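Protein sequences appear in the order of chains C, Y and S. This note's numbering runs 5 ahead of the 1-based position in the first sequence. This note's numbering runs 127 ahead of the 1-based position in the second sequence. This note's numbering runs 190 ahead of the 1-based position in the third sequence.
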Amino acid sequence: MSAGSIGTGRRMAGARVAVEYMKRYGIVTAFFALCIVLSLVSDYFLSVGNIVNVLRQTSINGVLAIGMTFVILTRGIDLSVGSVAALAGIVATSFATRSTIAGIPGAPYPALLAIAVGLLVGLASGGVSGGIVTRFRVPPFVVTLGMLSIARGLTLLYAGGRPIPDLTPQFRWIGTSEVFGVPLPILVLAVVFAVAWWVLGYTRFGRQVYATGGNPRAATSSGINVSRVRLLVYLISGGLAGLAGIMLAARTGSGLTQAGISYELDAIAAVVIGGTSLSGGVGGVTGTLFGALIIGVMNNGLDLLGVDSNYQQIFKGLMIVGAVMLDSARRGEAH
Amino acid sequence: MSFRKACLAGTAALLATIGAAHADPAKKLKIGVDLYGLKAEFMQLWAASVKQSPEVKSGNVEVTVFDGRYDSLVQQNQFDTMISQKYDAIIFAPIDADAAAAAVEAAHKAGIPVIGTNTRANSPLLTSYVGSDDTRSGYLEAKAVLDKIGCKGNVVIIEGPIGISAQIQRREGNLKALKECPTVKVLAMKTANWSRAEAQTLMDDWLTRYPGRINGIIGQNDEMALGAIEAIKSANLKVTSFAIAGIDGITDALLAVKAGEMTSILQDANAQAQGSMDVAVRQVDGASFKPQSDIWQQYPQMKWDDGTAKNYNVPWTPVTPQNVDELLARRQKGI
Amino acid sequence: MTSGTGRIVPDRTVRNRTKIALGRRDPVSSALLDVLGLTKSFDGVVALADGRFRLEAGTVHALCGGNGAGKSTFLSIVMGIQPRDSGTIAVAGKPVAFTHPSQALAAGIAIIEQELSPVLDLTVAENIFLGREPVAAFGRIDFAAMRRDAERLLRQLGFAIDPGAVMRTLSIGQMQLVEIAKALSHDAQIIIMDEPTSALGETEVGQLYAAVKRLRDAGKGIVYVSHRLTEILELADHYTVFRDGRYVSSGRVAEIDRAGLIGMIVGRALSEEYVKTNVPGEAIRLAVDGLSLPGTLSDISFTVRAGEIVGFYGLLGAGRTELMECLFGLQRGWTGRMTVDSVPVRAASPRAAMDAGLALVTEDRKQSGLVLTSSVRENLSLAMLPALSPRGVMDRKREAGAAVEAIRRFGIRTATDRLAVGSLSGGNQQKVVIGRFDMTTPKVFLFDEPTFFFYVWAKSEIYSIMSEFASKGGAVVMVSGEAEEILGMCDRIVVMRQGRVAAILERGQADQQTMLHLAA
């Protein structure tokens with residue numbers, strides 16, 4: 006008997022409508038509410054320049070969070086993305102620096118090669134995490150927590166713990182250039198989002214991701230190779246962490262050993278605020294994009310108004326808890 | 128309460144707290160201060176001092192302090208915000224010298240002068256630098272330790288976060304002093320990430336591993352030197368039988384100097400803050416501007432030079448039993 | 191749970207003296223529980239229009255009704271989980287309005303839920319007295335007393351379970367008995383049992399029946415909810431039938447037969463429970479020879495012909511589910527031979543098994559069958575993804591077409607195929623799983639407990655699907671723990687015992703007695 010979860014009368018009916026509304030449009034409503042409020046109190050907020058700023062500032066977290074969405078949809082988690090971004094960034098910059106500090110003979114190499122190397126580093130890290138998760142059945146939380154530490158250690162070892170300066174203009178172009186007035190990092194985010202949205206909604210692999218997260222046993226008995234799906238989502242997350250690391254290095258103009266510390270938390274926050282369930286199978290990258298935008302707008306708005314950054318942390322925390330409460334409320338409905 | 132209501136309520140609460148910041152849109156100079164992070168006492172002192180500048184107190188300058196949260200990317204984003212808000216000048220203490228170059232470049236392009244302070248950005252576009260030479264402080268503190276142990280014996284070095292500018296330069300200074308005492312052996316050299324707690328753990332381990340062999344402890348900041356002192360105390364050893372030094376001159380360190388437990392090299396946050404404010408206002412107001420802070424009298428060896436010099440070297444003050452009481456008295460005034 | 195509640199066990203703890211036993215004050219004249227005109231709506235939808243129920247002391251009273259009949263709503267109002275819109279509830283002649291299950295418990299009403307909630311790493315005794323452990327000096331838990339009390343309780347109930355055993359080491363059926371013992375340890379006068387036999391094997395069912403009869407003889411009133419009509423006819427003294435949220439009728443079980451009861455529950459006469467139209471052919475479709483799985487199955491051989499339905503009967507743990515998993519590539523490491531249409535098959539994965547023409551509807555549709563968070567359409571297409579996505583991109587038109595076709599073919603009752611599959615009734619959920627695998631056009635269809643937990647007419651729908659599949663030349667394997675449906679549907683019956691084939695019986699030569707004897 007499932008009587009415990011049946012609603013109690015009309016009051017609950019109203020709440021159910023609210024929950025349903027929040028599930029569909031909550032994130033968008035929250036985003037626009039925040040934008041309206043900020044545009045009322047700051048003359049700068051709605052300027053084109055500032056909107057570009059917000060988008061550019063969101064691009065790196067957005068890319069990480071999209072990768073994270075794939076992992077969380079399969080009931081996993083990837084805590085290593087910040088460290089993997091740093092590792093990919095430092096390795097990529099070592100191929101794109103004019104200084105001899107990194108000790109890569111023949112550097113600088115063409116930017117495309119440096120980018121390829123950075124992406125490979127990200128993919129390899131994701132592959133190792135995914136391989137251990139699927140092959141040895143270690144919980145993803147543990148595996149990627151280990152990878153968080155390992156990748157940071159490798160970053161520090163690489164190039165002897167020094168940042169890598171003096172990157173070639175071609176490499177920095179990724180972080181600084183504009184295409185038709187739109188900064189390249191924003192375009193990168195747009196492309197990553199579009200591809201991820203298409204993959205999740207329109208391809209076989211997308212279906213397999215949702216099924217794996219929704220019910221791995223049902224997916225298995227329907228002929229889906231669940232291990233393969235899991236491995237692939239960690240590869241995607243790792244690869245996108247690599248990409249984010251390259252963007253970060255190109256934007257700050259150097260490969261930093263301390264880059265990306267605790268970025269995984271903002272990425273997870275964006276996914277959760279965006280309505281993807283930590284229990285898997287529910288959600289998607291559209292929510293994640295808005296989740297990342299909300300975090301970006303909040304950071305920007307508070308900087309714009311010169312507010313103590315601690316308020317932003319509190320607000321972000323409230324949003325995360327609120328989003329998960331919403332998810333639980335919805336789960337209660339489903340049973 | 129619905130999630131949306133919660134969001135709005137949160138936003139409203141936020142606005143209430145920031146209303147004051149935007150009360151007066153009169154024609155003031157807008158100067159942004161971007162500090163690498165506000166967690167430690169030194170930067171807190173720095174931020175307090177800049178708000179005590181004569182220009183700010185007289186109401187001619189509106190100053191906004193940004194918390195860089197120890198992340199190059201965050202600082203870069205804050206630069207974007209300041210540029211789009213058309214700040215008149217920026218005072219900049221970057222977390223990373225190389226990564227800072229990109230931010231300085233962006234401000235320069237927008238015609239905003241950037242005055243470096245505390246940590247130097249590796250960029251020729253920096254308008255001016257008002258700070259203290261970290262290589263020098265690294266040298267001074269190591270020298271103090273070596274003098275006390277008579278240029279013989281063994282030392283350990285507790286480093287800052289590997290890869291950031293202050294750590295790199297202070298290590299350079301440490302090693303320069305050590306070269307002058309070739310028989311002194313460095314038993315170990317490891318990071319404690321500026322943290323008192325991490326340094327204490329590190330020192331616990333070293334005391335176990337090198338029993339009776341450590342003569343000197345070089346901490347690259349005061350926090351870590353103080354952590355080492357705690358470790359020595361909890362191992363029931365005599366603090367005075369070690370030569371210990373740190374950098375910054377934070378309050379606890381001054382007290383420890385007074386107790387005869389360590390040496391500290393005071394970095395004058397007040398002089399850096401008010402000096403850089405004078406130089407920044409000079410850049411905007413032109414040649415008619417006269418410096419207003421009394422720090423120029425306090426350090427006659429630091430010449431005003433019409434406010435256009437590339438480099439203002441704020442001298443380090445070794446804290447001694449002779450001057451410690453006076454320094455502590457000044458600290459009482461909050462600067 | 192209130193600590194003031196006592197238990198059956200006459201132990202030494204002080205708490206017993208404070209027990210409330212309402213039913214005892216007024217032994218015969220008034221009913222233990224008397225409910226009249228109970229109503230309840232959700233969002234304007236009526237869930238219960240007229241709930242009536244009268245429970246006498248010393249009787250077992252069956253509450254019957256299909257899905258949506260209002261049983262769950264009725265019980266949750268009585269237990270104080272939900273408020274009522276109108277109506278009266280009287281316990282031992284006194285009107286009550288509980289707002290929390292603990293109040294119901296304090297008033298002497300205990301419920302045994304069908305879902306298990308044991309703490310697996312505690313002992314049986316610790317589970318029974320969870321939250322109200324006997325305390326000795328200084329707040330120390332008196333484990334010895336607890337164990338003694340548990341042992342006495344279990345012995346009184348006639349359950350053969352060691353109170354010191356760790357819960358995890360018990361079978362599901364034994365765990366269910368412990369849960370029942372736990373509910374009975376409160377000294378309740380009214381005991382509600384909601385599908386108590388759903389997880390029990392035959393032996394445990396016997397123990398439960400004995401316990402129920404003992405409780406009845408001790409003057410308790412038992413509300414017995416079950417979808418198994420056989421149980422009701424065997425165990426209950428009275429019945430009350432709900433349909434579409436309304437009280438339909440009530441009476442003495444002795445004065446009614448199976449068909450009559452079904453008629454009242456369904457609202458029409460059910461012509462035939464077992465729809466069987468298939469006729470076995472000659473060609474052998476599935477042949478299994480000497481299949482063994484270390485530690486679980488040994489030397490299993492059987493054949494299934496075209497058009498034939500073969501039933502697998504056995505107790506829990508006989509290895510029936512594991513056998514299906516071996517055939518379908520969900521278990522590795524088995525030995526032996528298997529052919530489909532004389533072609534050797536060695537499925538290493540479900541995908542390979544499907545390619546060889548096999549399909550498996552797994553035992554528990556919520557655990558391993560459905561992706562509850564996805565829509566009906568996405569669930570239907572799950573096994574067909576490769577075919578529906580040439581070069582990896584979903585052909586959404588073809589997918590929608592296939593889903594609509596499956597919904598039509600199997601009569602799945604859903605507003606649209608975009609609805610979350612979790613919102614469908616159990617029978618329709620099962621048809622979604624069957625529809626999913628039917629799309630793969632299998633030659634051999636394996637069904638593991640396909641009607642588990644269904645009411646008769648929902649069962650009939652599944653039976654007719656199986657029967658139709660077989661009459662078109664397919665081979666059907668049906669695993670079930672219900673002897674009746676095996677006897678009703680199957681052409682041949684494989685009885686399994688402890689991982690081995692105990693016997694293979696022809697339709698007509700088998701009966702319930704023989705099957706039980708062979709299986710135990």
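Even for Gly, the Cβ is constructed at its ideal location relative to N, Cα and C. All values reported here derive from a predicted model rather than from experimental measurement.
DSSP state of residue i, grouped into three classes?
i	result
Y/D207	helix
S/R598	helix
Y/I217	strand
C/D332	helix
S/M584	coil
Y/D151	Below a pLDDT of 50, predicted positions are generally treated as unreliable, and Y/D151, at 44, falls in that range; no measurement from the model is reported.
S/Y414	strand
Y/Y337	coil
Y/K132	At Y/K132, the pLDDT of 47 sits below 50, so the modelled position is not reliable; the number obtained from the coordinates is stated separately. Here Y/K132 sits in helix by DSSP.
C/C40	helix
S/R214	In this predicted model, S/R214 has a pLDDT of only 41, less than 50, meaning its place in the structure is not dependable; the value taken from the coordinates is given anyway. Helix, per DSSP.
C/S282	coil
C/R103	coil
Y/L165	coil
S/E463	coil
Y/N438	strand
Nearest to residue i by CA position, among the options, is which residue?
i	options	result
S/T467	S/V268, S/A673 and S/S657	S/S657
Y/A414	Y/D421, Y/T435 and Y/M209	Y/T435
Y/P427	Y/F193, Y/N440 and Y/D260	Y/N440
S/R608	S/K633, S/E568 and S/V623	S/E568
S/Q703	S/D681, S/K649, S/E674 and S/A537	S/E674
Y/K312	Y/M330, Y/Y337 and Y/P288	Y/Y337
S/A389	S/L505, S/E696, S/N618 and S/E463	S/L505
Y/A226	C/T160, C/D171, C/S227 and C/V76	C/D171
S/G241	S/S579, S/G435 and S/R358	S/G435
Y/G83	Y/A362, Y/Q327, Y/L364 and Y/N363	Residue 83 of chain Y is absent from the structure shown; chain Y starts at 128 and stops at 462.
C/R80	C/L298, C/G292, C/I273 and C/M330	C/I273
C/L310	Y/T444, Y/M209 and Y/Q410	Y/M209
S/F288	S/E385, S/L517 and S/M269	S/M269
Just mark residue i as buried or exposed, buried being the case when its beta carbon has 16 or more other beta carbons within 10 Å.
i	result
Y/F219	buried
C/P221	buried
S/P285	exposed
S/R202	Residue confidence for S/R202 is low, a pLDDT of 41 falling below 50, so the modelled location carries little weight; the figure read from the coordinates is stated next. Burial call: exposed.
S/T249	buried
Y/Q449	exposed
S/D638	buried
S/A350	exposed
S/R406	buried
Complete runs of the alpha helix (DSSP H) confined to the segment 490-519 of chain S [at least 4 residues] = 510-517, all fully within the segment 490-519 of chain S.
Note down, one range per segment and in chain order, each beta strand (DSSP E) of at least 3 residues found wholly within the segment 235-313 of chain Y.
-> When DSSP assignments are scanned along the segment 235-313 of chain Y, the uninterrupted stretches of beta strand (DSSP E) that are 3 or more residues long and fall wholly within it turn out to be 241-244, 255-258 and 281-286.
Residues of the segment 288-320 of chain Y with a CB closer than 9 Å to any CB of chain C: list them in chain order, please.
-> Under the 9 Å Cβ criterion, the segment 288-320 of chain Y contributes P288, I289, G290, I291, S292, Q294, I295 and T318.
Can you give, in chain order, each stretch of the beta strand (DSSP E) that sits fully within the segment 314-340 of chain S and has at least 3 residues?
-> As far as the segment 314-340 of chain S is concerned, it has no whole beta strand (DSSP E) run of at least 3 residues.
Enumerate, from N- to C-terminal direction, the unbroken beta strand (DSSP E) stretches of 3 or more residues contained entirely within the segment 341-379 of chain S.
-> Every candidate beta strand (DSSP E) stretch fails here, since none sits fully inside the segment 341-379 of chain S while reaching 3 residues.
4-residue-minimum alpha helix (DSSP H) runs that sit fully inside the segment 379-434 of chain Y, ordered along the chain = Look at the segment 379-434 of chain Y and you find these whole runs of alpha helix (DSSP H), each 4 residues long or longer: 396-412 and 422-425.
In chain order, which continuous runs of the alpha helix (DSSP H) of length 4 or greater are located wholly inside the segment 588-675 of chain S?
-> For the segment 588-675 of chain S, whole alpha helix (DSSP H) runs of length 4 or above, ordered along the chain, are 616-628 and 646-661.
Could you tell me which uninterrupted alpha helix (DSSP H) segments, each at least 4 residues in length, are contained entirely in the segment 238-292 of chain S, listed from first to last along the chain?
-> Fully enclosed alpha helix (DSSP H) runs of 4 or longer: 261-268.
Contacting positions in the segment 221-236 of chain C - beta carbon closer than 8 Å to chain S = Those would be R222, A223, A224, T225, S226, S227, G228, I229 and N230, in chain order.
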